[in-house]
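These protein sequence lines map, in sequence, to chains A and B. In terms of the numbering used here, the first sequence has 439 at position 188, counting the first letter as 1, and numbering is strictly consecutive. In terms of the numbering used here, the second sequence has 408 at position 392, counting the first letter as 1, and numbering is strictly consecutive.
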Amino acid sequence: MNSTKVGPRTVVTLIIVGVLLIVGGFLISQATPLIFPVEASAEARQIDQLFRIALLIGGAIFLLVQGLLAYSVWRFRARAGDLSDGPNIHGNTTLEIVWTAIPAVIVVVLTVLSYSVWTSIQSVKPDEQAVEVQGARFNWAFTYSTPDPRDSSKTLSFKSTELHTYIGRPVRLEMRTQDVIHSFWVPAMRIKQDVIPGRVTEYRFTPVEAAGETYPARYPIQCAELCGAEHGNMIAWVVVHQTEDDYTAWFNQEVDKVLNPPADPVVRGEGILASQVYPCHTCHVLNTETLQWAGNVGPALNGVGDRAAGPRSTATGLSAADYLYQSIHEPNAYLAPGFGPLMPQLNIPECETRSIVAYLCTLTSSGQPACTVELPPECGAGAPPEATPEATAEGTPESSFDPSAPPSGEGASNPTPEATAPAADVTAEATAAP
Amino acid sequence: MASISVPVGGVPTQAAPRPRLRASDFLRWSVDHKIIGVQYMVTSFVFFLVGGTLAMLIRWELLTPNLDLVQTGSQYNSLFSVHGLVMIFLWIIPMFAGFGNYLVPLMLGAKDMAFPWLNAFAFWLIPPAGILMLGSMLVGAPEAGWTQYPPLSTLFSGDGQTLAALAVHLLGISSILGAINFIVTIKNMRPAGMSYWQMPLFVWAILATSIIVVMATPFLAGGLTLLILDRIAGTTFFDANRGGDVLLWQNVFWFYSHPAVYIMVLPGMGVLSDVLTTHSRKPIFGYKMVALSSLAIALVGFTVWAHHMFTSLQPALRIPFMITSMIIAVPTGIKIFSWLGTIWGGKIRFTSAMLFSLGFLSMFVIGGITGVMLAMIPFNLHVHDTYFVVSHLHFVLFGGSVFAIYSGIYHWFPKITGRMLNERLGRWHFVLTYLGFFFTFFPMHFIGMLGMPRRVAVYLPEFQGLNTIASISSFVLGLSTFLLVINVIISLRNGRIAGANPWRSLTLEWATTSPPPATNFIGDPVMFPDPYGYGMPEAAAYLESIDRQFGAPARPPVTDKPAPGVTVVESGD
Numbered sequence: 252m253n254s255t256k257v258g259p260r261t262v263v264t265l266i267i268v269g270v271l272l273i274v275g276g277f278l279i280s281q282a283t284p285l286i287f288p289v290e291a292s293a294e295a296r297q298i299d300q301l302f303r304i305a306l307l308i309g310g311a312i313f314l315l316v317q318g319l320l321a322y323s324v325w326r327f328r329a330r331a332g333d334l335s336d337g338p339n340i341h342g343n344t345t346l347e348i349v350w351t352a353i354p355a356v357i358v359v360v361l362t363v364l365s366y367s368v369w370t371s372i373q374s375v376k377p378d379e380q381a382v383e384v385q386g387a388r389f390n391w392a393f394t395y396s397t398p399d400p401r402d403s404s405k406t407l408s409f410k411s412t413e414l415h416t417y418i419g420r421p422v423r424l425e426m427r428t429q430d431v432i433h434s435f436w437v438p439a440m441r442i443k444q445d446v447i448p449g450r451v452t453e454y455r456f457t458p459v460e461a462a463g464e465t466y467p468a469r470y471p472i473q474c475a476e477l478c479g480a481e482h483g484n485m486i487a488w489v490v491v492h493q494t495e496d497d498y499t500a501w502f503n504q505e506v507d508k509v510l511n512p513p514a515d516p517v518v519r520g521e522g523i524l525a526s527q528v529y530p531c532h533t534c535h536v537l538n539t540e541t542l543q544w545a546g547n548v549g550p551a552l553n554g555v556g557d558r559a560a561g562p563r564s565t566a567t568g569l570s571a572a573d574y575l576y577q578s579i580h581e582p583n584a585y586l587a588p589g590f591g592p593l594m595p596q597l598n599i600p601e602c603e604t605r606s607i608v609a610y611l612c613t614l615t616s617s618g619q620p621a622c623t624v625e626l627p628p629e630c631g632a633g634a635p636p637e638a639t640p641e642a643t644a645e646g647t648p649e650s651s652f653d654p655s656a657p658p659s660g661e662g663a664s665n666p667t668p669e670a671t672a673p674a675a676d677v678t679a680e681a682t683a684a685p
Numbered sequence: 017m018a019s020i021s022v023p024v025g026g027v028p029t030q031a032a033p034r035p036r037l038r039a040s041d042f043l044r045w046s047v048d049h050k051i052i053g054v055q056y057m058v059t060s061f062v063f064f065l066v067g068g069t070l071a072m073l074i075r076w077e078l079l080t081p082n083l084d085l086v087q088t089g090s091q092y093n094s095l096f097s098v099h100g101l102v103m104i105f106l107w108i109i110p111m112f113a114g115f116g117n118y119l120v121p122l123m124l125g126a127k128d129m130a131f132p133w134l135n136a137f138a139f140w141l142i143p144p145a146g147i148l149m150l151g152s153m154l155v156g157a158p159e160a161g162w163t164q165y166p167p168l169s170t171l172f173s174g175d176g177q178t179l180a181a182l183a184v185h186l187l188g189i190s191s192i193l194g195a196i197n198f199i200v201t202i203k204n205m206r207p208a209g210m211s212y213w214q215m216p217l218f219v220w221a222i223l224a225t226s227i228i229v230v231m232a233t234p235f236l237a238g239g240l241t242l243l244i245l246d247r248i249a250g251t252t253f254f255d256a257n258r259g260g261d262v263l264l265w266q267n268v269f270w271f272y273s274h275p276a277v278y279i280m281v282l283p284g285m286g287v288l289s290d291v292l293t294t295h296s297r298k299p300i301f302g303y304k305m306v307a308l309s310s311l312a313i314a315l316v317g318f319t320v321w322a323h324h325m326f327t328s329l330q331p332a333l334r335i336p337f338m339i340t341s342m343i344i345a346v347p348t349g350i351k352i353f354s355w356l357g358t359i360w361g362g363k364i365r366f367t368s369a370m371l372f373s374l375g376f377l378s379m380f381v382i383g384g385i386t387g388v389m390l391a392m393i394p395f396n397l398h399v400h401d402t403y404f405v406v407s408h409l410h411f412v413l414f415g416g417s418v419f420a421i422y423s424g425i426y427h428w429f430p431k432i433t434g435r436m437l438n439e440r441l442g443r444w445h446f447v448l449t450y451l452g453f454f455f456t457f458f459p460m461h462f463i464g465m466l467g468m469p470r471r472v473a474v475y476l477p478e479f480q481g482l483n484t485i486a487s488i489s490s491f492v493l494g495l496s497t498f499l500l501v502i503n504v505i506i507s508l509r510n511g512r513i514a515g516a517n518p519w520r521s522l523t524l525e526w527a528t529t530s531p532p533p534a535t536n537f538i539g540d541p542v543m544f545p546d547p548y549g550y551g552m553p554e555a556a557a558y559l560e561s562i563d564r565q566f567g568a569p570a571r572p573p574v575t576d577k578p579a580p581g582v583t584v585v586e587s588g589d
């Protein structure tokens, strides 16, 4: 390298090469929209712009290094028969300072730009729509809360398997996990945040109108942290409505479903399972006319009514309905033979748990329910909202256990079904002789 | 440099008989660093083939968006978990330990490592660890990835997870013992007259690597101990519901595992410094900067670990780790430009060793650029745990480390075996590896950015096109490995006799017979004061004296075409 005697030709060459590198880097950076999903959030626009700059610089460095390499390989190849050595050059302090300083400046620039984008995307926005997220193997669920129309001092909440929002409204997610670490990632929004046991993490984004999109637009939510066998299938959807009115229409419809649930607990229970707001379907197998679950982690649920009334009842001393209730409420109190303590504490509200029990009672080989469940009046249509057990991350399983709930230690010592739950409304009638 | 005089050995020509080693010598306990070095290399190469087979199964599964090759997601999880663990802990790290074992004493003109018995012991920890690791697949395979994040690895994985953790534990002990040995050897066993600034850069790289190993690996051992206790003794270090903390593991794990990236790359950079100078016949450009940048990378490498946790770390802590991660790009850049300065103006010989080193430069720089991108928190939030990261890490560890290993094999095989590898097969190996590698991993950048997470067996159908390109290229890459295997087998029997110094290199390992005698040198070897003094008349005289002493190689290994009138013993071509 002849930089010890920098002549005008060297300067001109350097300028031409520099300009070519920047032009090349610029052309490469124009590929940015091709290698990203649609820009569906304000954050996505900022991040893509940042990436465009990084790709310009990175592209120029790529061209510089590969260019120098290709040129050297061609220009300085040993000719056939030439066994001599190259020149005995040990270095050049000026050059070494240059190629230390330029990368240093580049990383300072990228750091400052990244810092400003990052502070902007994680800042608290005005009027954020708060939604709770529950991650569980292998399912996402979203809890919306609103003042109860029947009693405005209370909160009415409902669960959805889709995250609904609308253009321009900043969203703040409060995220918890039921079991392992998950990671909430919406590629279209460009943001990812882990959902960590023992902590509540936050996720912010503001949907924007994407060019050429039809609304309501649907964007996949991927779990991005390995969480087990069905990790790849842990996908949910963000639904972005075009206007607030569209969103409100969906919201009111969901509130209406909560206010007017089906009267029959069996129908209601089946509806809850079919909605997939709880991750039951990801681990259990169940084949009915309406439900096709293919989980391979937990016990199959076909015929669970028979088993609850038969061997499980014998083993636990509980009635069929109480056994099913306990299996949902305290999954690890009794483990079905051959299965480990893998089912998480799901903290399903009381009325919903009982409805699910009512449905499970009907899963028998004969088609005759193995047990029946009656819902108390407060679970009925128009009833005031029930207290939802808080899914706090710190909460131990015991802290959310309601001692007045029917299955209890005393129940096990008393064989009379009616006496098992005198104060409760779950009545079990074993059709199969225990 | 006028003070350099031509040192000429006063030892009679070819005094030592060629050592006759049998294959069985390598299956036994031996404290000879050369035998241990070969034991390391062959063992780890076997595990490379195992890990590569797992990689082929992974790519086969990913040909389609649905499960087809494997029956369940769990099986797929165990494929990539064991693939990662094997490649890192049983291939790259022990392979470079093998290079270090064989070469460091020779490069220092020493008869053996400082602690020969400890050296053998460190190696013999590897086979049982390898058996444990592969055995883990038979008893409830590990499914939590090579990162083994709890609570997935503690509460939700089979017994294989415990075996794998024990295997990594053993391999960590092996690493630490080896590194202590290297540090003491390099400190105490340099020949009279060789200062630190006259050591070959490979020795510098091994020194920097060993410092990292000694400082970082005990943290891995601590973390693994807690993990194993959580799994088998009912402790709850990582169980958030019972007073533990899942991020504790991530911090401890990455406090080791980020420096581990440099444990896997720095020795490769050392190989590169030696190969590029020898085969372009030019001194290294900026010796001190290259040597010191290894140390800088080693030290700064300890401050960047949490950039692997940008999506889990508490937000306020992320900024400092972005800054340190950016800083480490500077010494890495110094190395790349110094190597370019080295070949610039040289007389480049396109040997297979040189091709793989040039390939390293060409591919590693891509890993470097994407590394800086990954350090940018906002972009990281999008691509963390996606195929972008898979691509980045393979550009560093395959485009970097494995290319350097290949380069080192072609460069030092003649010293180790006394025979040359076949250059034509070597060139085919390079071309197929280079193209196969690039088209396997470059499309993964796009796959990740477009929205496909890593560690999934099923994916959205729109990613199938790019995945198919990656899979088919990976099969080419996988098959190309066998060109090296075939080359080694053929050349061991029929390769051209190498002579002492076939590449006309100035470092001390070439100043003895190939393979060296049991004591490495007959008498004290004579050192050339500048290990990269190519282009000096004194260097040419020194090389001639080596040739006089040990016999010149049959012909210069520049080209495969035999020079007229020279009889060539070669049947591999």
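For glycine and all other residues, C-beta sits at the position ideal for the given N, C-alpha and C.
Distance between G434 (chain B) and V431 (chain A) (C-alpha atoms, nearest Å): For the purposes of this step, residue 431 (chain A) is identified with residue 180 of the first sequence, where counting begins at 1. For the purposes of this step, residue 434 (chain B) is identified with residue 418 of the second sequence, where counting begins at 1. When rounded, the distance between both Cα atoms is 55 Å.
Is T362 (chain A) closer than 7 Å to M342 (chain B) when the C-beta atoms are compared? Here residue 342 (chain B) refers to the residue found at position 326 when the second sequence is read from its first residue. Here residue 362 (chain A) refers to the residue found at position 111 when the first sequence is read from its first residue. Yes.
Listing by chain order, which chain B residues have their CB less than 8 Å from the CB of F327 (chain A)? Locating residue 327 (chain A) in the first sequence gives position 76, where the first residue counts as 1. Result: S296, I359, W360, G361, G362, K363, I364.
Please list, in chain order, all residues of the same chain as I109 (chain B) whose beta carbon is under 7 Å from its beta carbon, the five residues on each side excluded. Translated into the one-based positions of the second sequence, residue 109 (chain B) becomes position 93. The answer, listed in chain order, is S191, I279, M280.
Which residue's Cα is closest to the Cα of P331 (chain B): A:Q429, A:L364, A:K443? For the purposes of this step, residue 331 (chain B) is identified with residue 315 of the second sequence, where counting begins at 1. P331 (chain B) has its Cα closest to that of A:K443, out of A:Q429, A:L364, A:K443.
I'd like the list of long-range same chain contacts for G467 (chain B), defined as Cβ closer than 6 Å, with 5 residues on each side in sequence excluded. Taking the first residue of the second sequence as 1, we reach residue 467 (chain B) at position 451. Around G467 (chain B): no qualifying Cβ.
In the DSSP assignment, the beta strand (DSSP E) including D445 (chain A) goes from what residue to what residue? Your numbering for residue 445 (chain A) matches position 194 in the first sequence. Where D445 (chain A) is concerned, the enclosing beta strand (DSSP E) stretches over 442–446.
Strictly below 9 Å CB to CB, what residues from chain A border D246 (chain B)? Taking the first residue of the second sequence as 1, we reach residue 246 (chain B) at position 230. Here the premise fails: no neighbours, minimum Cβ distance about 13 Å.
Cβ of A514 (chain A) within 7 Å of any chain B Cβ: Sequence index remark: in the first sequence, residue 514 (chain A) carries index 263 (1-based). It does not; no Cβ of chain B falls within 7 Å.
Nearest by alpha-carbon distance to A688 (chain A): which of A:D378, A:A392, A:A321, A:A500 is it? Missing from the structure shown is residue 688 (chain A); chain A here goes from 252 to 685 and no further.
Own chain partners of A468 (chain A) with C-beta closer than 6 Å, once the 5 adjacent residues on each side are dropped: Residue 468 (chain A) sits at position 217 when you count from the first residue of the first sequence. Closer than 6 Å at the Cβ level, and outside the excluded window around A468 (chain A), lie V491.
Please go through the same chain and pick out, in chain order, the residues whose beta-carbon is closer than 7 Å to the beta-carbon of S404 (chain A), but skip the five residues on each side of it. Counting from one through the first sequence, the residue named residue 404 (chain A) turns up at place 153. Nothing listed; no residue qualifies.
What would DSSP say about Q330 (chain B), mapped onto helix, strand or coil? Stepping through the second sequence from its first residue, residue 330 (chain B) is reached at position 314. Coil, per DSSP.
Could you tell me which residues DSSP puts in a beta bridge with W695 (chain A)? Since the displayed chain A opens at 252 and closes at 685, residue 695 (chain A) lies outside it and no answer follows.
Beta carbon of I300 (chain B), beta carbon of T294 (chain B): below 7 Å? Residue numbering aside, residue 300 (chain B) sits at position 284 when the second sequence is read from its first letter. Residue numbering aside, residue 294 (chain B) sits at position 278 when the second sequence is read from its first letter. No. Outside cutoff.
Considering S365 (chain A), what are the terminal residues of the beta strand (DSSP E) in which it resides? To locate residue 365 (chain A), count along the first sequence from 1; it is residue 114. Looking at the DSSP string, S365 (chain A) is not in any beta strand (DSSP E); the run it does join, the alpha helix (DSSP H), is 344–373.
Apart from the five residues just before and just after Q577 (chain A), which ones in its own chain have a Cβ nearer than 8 Å to its Cβ? Here residue 577 (chain A) refers to the residue found at position 326 of the first sequence. Here the set comprises T567, L569, A584, Y585, P658.
Can you list, in chain order, the residues of the segment 479–507 of chain A whose Cβ is nearer than 7 Å to any Cβ on chain B? G479, A480, E481, H482, G483, N484
CA-to-CA distance, P421 (chain A) to F419 (chain B), given in whole angstroms: Residue 419 (chain B) sits at position 403 when you count from the first residue of the second sequence. Residue 421 (chain A) sits at position 170 when you count from the first residue of the first sequence. In a straight line, the C-alpha of F419 (chain B) is about 48 Å away from that of P421 (chain A).
Whole angstroms is fine: what's the gap from S587 (chain B)'s alpha carbon to F454 (chain B)'s? Position 571 of the second sequence, counting from 1, holds the residue named residue 587 (chain B). Position 438 of the second sequence, counting from 1, holds the residue named residue 454 (chain B). Note that S587 (chain B) scores 40 on pLDDT, short of 50, meaning its location in the model is unreliable and no value can be drawn from it.
Nearest candidate by alpha-carbon position, reference L524 (chain B), set B:I562, B:Y475, B:F491: The residue given as residue 524 (chain B) occupies position 508 in the second sequence. Selected option, being the one with the closest Cα: B:I562.
Below 8 Å, how does it come out for the segment 368–375 of chain B and the segment 412–432 of chain B: are there three or more Cβ pairs, yes or no? yes
Can you tell me where the beta strand (DSSP E) holding W213 (chain B) begins and where it ends? As a first step, residue 213 (chain B) must be located in the second sequence, where it is residue number 197. Segment: none, W213 (chain B) is in no beta strand (DSSP E) and carries neither H nor E.
Could you list the residues in the segment 337–350 of chain A with a C-beta less than 8 Å from some C-beta on chain B, going in chain order? G337, P338, N339, I340, H341, G342, N343, L346, E347, W350
On the three-pair Cβ rule with 8 Å, is the segment 267–276 of chain A touching the segment 303–318 of chain A? yes
Simplified DSSP state of G660 (chain A), which is helix, strand or coil: Numbered from 1 along the first sequence, position 409 holds the residue referred to as residue 660 (chain A). Confidence in G660 (chain A) is poor, its pLDDT being 37 and thus under 50, which makes the residue's placement too unreliable to answer from.
Using a Cβ-Cβ cut-off of 7 Å (strictly less than) and excluding sequence neighbours within five positions of L614 (chain A), which residues of its own chain qualify? By 1-based counting over the first sequence, the position of residue 614 (chain A) is 363. Hits under 7 Å: L552, N553, G554, V555, G556.
Three-pair Cβ contact test at 8 Å for the segment 436–443 of chain B versus the segment 308–315 of chain B: no
Considering only C-alpha positions, which residue in the set B:L559, B:Q87, B:V184 is nearest to L141 (chain B)? Here residue 141 (chain B) corresponds to residue number 125 of the second sequence, with the count starting at 1. The shortest Cα separation from L141 (chain B) among B:L559, B:Q87, B:V184 belongs to B:V184.
What did DSSP end up calling M426 (chain A) once you bin it into helix, strand or coil? Reading the first sequence from its first residue, position 175 is the one you call residue 426 (chain A). Three-state DSSP puts M426 (chain A) in a strand.
Nonlocal neighbours in the same chain, by C-beta distance under 7 Å from R303 (chain A), ignoring five residues either side: Locating residue 303 (chain A) in the first sequence gives position 52, counting from the first residue. For R303 (chain A), where only same-chain residues beyond five positions count, the Cβ hits under 7 Å are S280, T283.
Quick one: is the Cβ of L288 (chain B) within less than 6 Å of any heavy atom of the ligand SAM? In terms of ligand content, the structure shown is empty, and the ligand SAM therefore cannot be addressed.
Can you list the residues of chain A that G302 (chain B) reaches, using a CB-CB cut of under 9 Å? The residue labelled residue 302 (chain B) in the question sits at position 286 within the second sequence. Those are H341, G342, N343, T344, L346, E347, listed as they occur along chain A.
For G631 (chain A), does the three-state DSSP call read helix, strand or coil? One-based indexing of the first sequence puts residue 631 (chain A) at position 380. If DSSP states are grouped into helix, strand and coil, G631 (chain A) belongs with coil.
When DSSP labels each residue in this structure, what does P458 (chain A) get in the three-state scheme? As a position in the first sequence, residue 458 (chain A) is number 207, starting the count at 1. Strand, per DSSP.
Can you list the residues of chain A that D261 (chain B) reaches, using a CB-CB cut of under 8 Å? Position 245 of the second sequence, counted from the start, is the residue given in the question as residue 261 (chain B). Neighbours of D261 (chain B) on chain A, chain order: G449.
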